[in-house]
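Novice:
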Amino acid sequence: MASARATDPLASRDPPTLPLYLPPPPPPPLPSPSPHHRLLPAPMAPILLHLHPAFLAQMDSRRTTSLLQFLKDEGGIPSPEADKKREQVIRKLNKIVMDWAKVVAYEQRVPPMRATATVLTYGSYTLGAHGPESDIDALCVGPCIATLQYHFFIVLRQILEDRPEVSELQTVESAKVPLMRFRFSGISVDFTYAQLPVIDASEASLFCNQYVVTRAIITSNPHLLQKLDSRSWRSLSGVRVNEQIVQLVPNAQKFQILLRCIKLWAKRRGIHCHLLGFFAGIHLAILAAYVCQRYPYGTINGLFTIFFDIFAHWNWQIPVSLHGQPTNCRRPDGSFMPILLPCTPPEFCTSNMTKGTFKKIREELMRGYALTKEPWRHDFEWVWLFAPFPYATKYEEFLRIALCAPTSEELRDWAGWVKSRFRNLILKLESIGVECDPDSTEEVDHTVFEPSIVCHWGLIYKTSTHIDISSLGEDFMKDVINDVYGKVKGTHSKLTMSIVRSSQLPKSLYSHSVYTPYIPQYMLGYQTPTDYSGAAG
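Quick note on UniProt numbering: the sequence shown kicks off at 1 and runs consecutively.
(1) Output the boundary residues of the alpha helix (DSSP H) element that contains W457.
(2) Classify T192: buried if its beta carbon has 16 or more other beta carbons within 10 angstroms, exposed otherwise.
(3) Touching or not, the region 193 to 200 and the region 230 to 239, by the rule of three or more beta carbon pairs under 8 Å?
(4) Here's the rule: buried if 16 or more other CB atoms are within 10 angstroms of the residue's CB, otherwise exposed. What is I154?
(5) According to DSSP, is K85 helix, strand or coil?
(6) Just the C-alpha distance for residue 541 and S502, rounded to the nearest angstrom, thanks.
(7) Along the alpha helix (DSSP H) that carries M366, what are the first and last residues, could you check?
(8) How is I187 classed by DSSP in three states: helix, strand or coil?
(9) Using only the alpha-carbon positions, how far apart do V89 and H378 sit?
(10) Does G490 come out as helix, strand or coil in the three-state DSSP assignment?
(11) A415 by DSSP, collapsed to three states: which one?
(12) Per DSSP, what kind of secondary structure is S60 in: helix, strand or coil?
(13) Would you mind stating whether G277 and M353 have Cβ atoms separated by less than 8 Å?
(14) Give the DSSP bridge partners of Q195, in chain order.
(15) Report the option in V246, R421 and V383 whose CA atom is closest to the CA atom of Y122.
(16) Taking the alpha carbon of T171 as the point to measure from, which residue in V500, K489, D309 and L509 has its own alpha carbon closest?
(17) Between the region 154 to 170 and the region 62 to 72, are three or more C-beta pairs nearer than 8 Å?
(18) Hey, out of G281, I262, A266 and H272, whose CA is closest to V291's CA?
(19) Just to check my reading of the structure: L399 and T441 have Cβ atoms closer than 8 Å, yes? What is that Cβ distance to the nearest angstrom?
(20) Would you mind reading off the limits of the beta strand (DSSP E) that contains Q170?
(21) Beta-carbon separation of L264 and I286 under 8 Å?
(22) Leaving aside the five residues before and after residue 541 along the sequence, list all residues of the same chain whose C-beta is less than 6 Å from its C-beta, in chain order.
(23) When we look at the beta-carbon of S61 and count the other beta-carbons within 10 Å, is it buried (16 or more) or exposed?
(24) Under the three-state reduction of DSSP, which class applies to M180: helix, strand or coil?
(25) I need the DSSP call for S464, collapsed to helix, strand or coil.
(26) For Q256, does the count of other Cβ atoms within 10 angstroms reach 16, so buried, or fall short, so exposed?
(27) Which stretch, first to last residue, makes up the beta strand (DSSP E) that contains D437?
(28) Given a cut-off of 8 Å on the beta-carbon distance, is the pair L259 and L127 in contact?
(29) Going by other Cβ atoms of all chains shown within 10 Å of its Cβ, with 16 needed for buried, is Q504 buried or exposed?
(30) Please name the residue or residues paired with A402 in a DSSP beta bridge.
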């Protein structure tokens with residue numbers, strides 16, 4: 001027990017019922033005065049406010065009520081009709097993969113009645129924290145006779161393309177977790193595949209017809225898990241992690257609301273896009289679960305406030321773990337924010353973070369802490385915290401990345417492929433002394449006739465560096481078309497780069513920064529973190 005507490009930066013704190021009353025960590029000590037520098041006056045002692053608990057509880061209640069109303073007003077909670085539509089999509093997908101399993105069985109000369117498949121969901125939808133625009137993360141669990149490359153990516157894809165409800169279908173075959181991405185009745189679906197070492201899914205569920213029991217047995221049966229190939233193991237890990245999170249949080253409703261708040265904040269501030277080096281959904285889910293674990297009796301406002309307190313001051317040499325115990329799991333090289341998946345054996349979350357994107361995440365966490373740390377202020381507004389990030393006024397220059405292809409379908413495949421390589425481009429820029437802040441917003445290039453999308457990344461020059469845009473583009477294209485998939489996708493598609501000024505941004509992008517809520521300066525009196533070097537040591 002002692003060793004477990006030693007690895008937890010917050011182990012010395014006992015979980016209180018009202019986390020927002022915790023004092024912030026003390027600032028670091030001033031450096032020793034040098035004989036060559038003028039001595040600074042001693043800092044003034046902090047003013048201690050002795051506020052009545054009833055007053056603080058009343059303010060907390062008001063902030064919780066206003067936060068829930070803000071979440072509702074901003075569309076953070078889907079309607080019952082929208083949830084019913086998602087349930088219908090999952091039922092239809094389940095029927096489709098069951099029929100697909102029969103087709104595969106007939107082809108493989110296996111009695112069709114024996115072969116079955118099923119669909120399991122995971123991610124924000126299964127955790128109950130999805131928004132109206134959230135996609136559905138779904139896993140197709142198929143029999144041993146159905147292969148990934150042929151039966152999933154060719155046979156099942158063709159079946160899906162023939163469905164009138166399916167549109168914008170694209171495949172990402174070479175990703176760590178291969179998947180199909182499409183819209184089903186207008187709802188975005190990320191569809192992965194796990195090949196079980198059995199023919200009949202009913203065997204995997206021990207002839208249980210209950211969906212919950214089937215999920216538990218498929219995701220935790222040692223006999224099945226030991227025989228999975230590596231890709232199926234990774235695909236199944238999302239469902240397994242979801243099961244663990246649901247079991248580990250003490251109050252599901254508070255966890256769901258907290259996670260919705262964190263996701264909306266991260267999207268508005270431009271730090272919720274895994275492909276661009278920021279948070280993935282699983283990162284935010286584990287951080288939210290950690291807060292709920294430690295403060296089981298906290299209010300919604302209290303949990304959201306302590307989220308910023310904890311992670312703005314977290315020592316990122318230490319992984320975040322929901323099991324609260326040391327692990328022998330080797331930390332990935334270059335990991336800036338190590339977060340452990342709550343599964344056995346322990347694994348770290350996959351991350352695309354770089355030094356520059358990690359820096360922005362820490363700055364946004366510290367900004368959130370500065371805005372929420374004083375629970376007694378009457379003039380606080382949630383719109384300050386959730387204000388969209390002002391890219392156009394924050395940066396003077398942007399890297400403009402334009403992608404185009406002959407057809408919309410080819411553009412979807414091309415864009416998905418190029419985005420999966422964006423981390424390499426971010427690292428190339430950082431290697432020449434240029435950090436970037438990628439905006440996930442996509443625009444249409446009206447200067448070309450072909451289907452197109454345009455991305456803009458804010459540039460932060462750390463040195464007097466000149467970007468050779470021609471060389472940068474050529475080097476990145478080599479990464480994009482370095483294998484058979486990239487060469488095929490890039491045959492008729494184009495990628496161009498240029499440097500533009502903020503005044504040259506599209507009006508739709510610039511309008512995001514026209515209105516910035518007035519925030520009193522005393523609420524932003526925080527020290528921006530500057531030491532990032534040890535985070536990935």
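We treat Cβ as the ideally placed atom computed from N, Cα and C, and that holds for glycine.
Specialist: If we stick to the structure as given:
(1) One-based indexing of the sequence shown puts residue 457 at position 457. Note, W457: premise wrong, no alpha helix (DSSP H); beta strand (DSSP E) at S452 to Y461.
(2) By 1-based counting over the sequence shown, the position of residue 192 is 192. Per the 10 Å Cβ criterion, buried.
(3) yes
(4) Reading the sequence shown from its first residue, position 154 is the one you call residue 154. Under this definition I154 is an exposed residue.
(5) What you label residue 85 is simply residue 85 of the sequence shown in a count that begins at 1. Residue state, collapsed to three classes: helix.
(6) As shown, the chain starts at 1 and ends at 537. That puts residue 541 outside it, with no answer to give.
(7) As a working mapping, residue 366 is identified with position 366 in the sequence shown. Residues K355 to T372.
(8) Here residue 187 refers to the residue found at position 187 of the sequence shown. Reduced to three states, the DSSP call for I187 is strand.
(9) Residue 89 sits at position 89 when you count from the first residue of the sequence shown. Residue 378 sits at position 378 when you count from the first residue of the sequence shown. The alpha-carbon atoms of V89 and H378 are separated by roughly 45 Å.
(10) Counting from 1 along the sequence shown, the entry for residue 490 is found at position 490. Of the three classes helix, strand and coil, the one that applies to G490 here is coil, per DSSP.
(11) Along the sequence shown, one-based indexing puts residue 415 at 415. DSSP places A415 in helix when its eight states are reduced to three.
(12) Here residue 60 refers to the residue found at position 60 of the sequence shown. This sequence places Asp at residue 60; Ser is not what is there. D60 falls in the helix class under three-state DSSP.
(13) On the sequence shown, position 277 is the one that residue 277 refers to. On the sequence shown, position 353 is the one that residue 353 refers to. Yes, the pair counts as a contact, with Cβ atoms nearer than the cut-off.
(14) Residue 195 sits at position 195 when you count from the first residue of the sequence shown. DSSP lists G142 as partners of Q195.
(15) As a position in the sequence shown, residue 122 is number 122, starting the count at 1. Per the Cα distances, V246.
(16) Taking the sequence shown and counting its residues from 1, the one referred to as residue 171 is at position 171. Of the listed residues, the one whose Cα sits closest to T171 is K489.
(17) No contact exists between the region 154 to 170 and the region 62 to 72.
(18) Here the question's residue 291 lines up with position 291 in the sequence shown. Nearest C-alpha to V291 among G281, I262, A266 and H272: I262.
(19) Position 399 of the sequence shown, counted from the start, is the residue given in the question as residue 399. Position 441 of the sequence shown, counted from the start, is the residue given in the question as residue 441. Your pair L399 and T441 does not check out as a contact, with CB atoms roughly 14 Å apart and the cut at 8 Å.
(20) As a first step, residue 170 must be located in the sequence shown, where it is residue number 170. Note, Q170: beta strand (DSSP E), V166 to V172.
(21) Position 264 of the sequence shown holds residue 264. Position 286 of the sequence shown holds residue 286. In this structure, I286 does not lie closer than 8 Å to L264 by Cβ.
(22) The question about residue 541 has no answer, for the chain in this structure spans 1 to 537.
(23) As a working mapping, residue 61 is identified with position 61 in the sequence shown. With fewer than 16 Cβ atoms within 10 Å of its Cβ, S61 is classed as exposed.
(24) In the sequence shown, counting from the first residue as 1, residue 180 sits at position 180. DSSP places M180 in strand when its eight states are reduced to three.
(25) Here residue 464 refers to the residue found at position 464 when the sequence shown is read from its first residue. In the structure shown, S464 falls within a coil segment according to DSSP collapsed to helix, strand and coil.
(26) Position 256 of the sequence shown, counted from the first residue, corresponds to residue 256. So Q256 ends up on the buried side.
(27) On the sequence shown, position 437 is the one that residue 437 refers to. V434 to P438 is the span of the beta strand (DSSP E), which, as asked, contains D437.
(28) As a position in the sequence shown, residue 259 is number 259, starting the count at 1. As a position in the sequence shown, residue 127 is number 127, starting the count at 1. Yes, the Cβ-Cβ distance between L259 and L127 is below 8 Å.
(29) Your numbering for residue 504 matches position 504 in the sequence shown. Flag for Q504 reads exposed.
(30) Residue 402 sits at position 402 when you count from the first residue of the sequence shown. Note: A402 sits in a beta bridge opposite V454 and T496.
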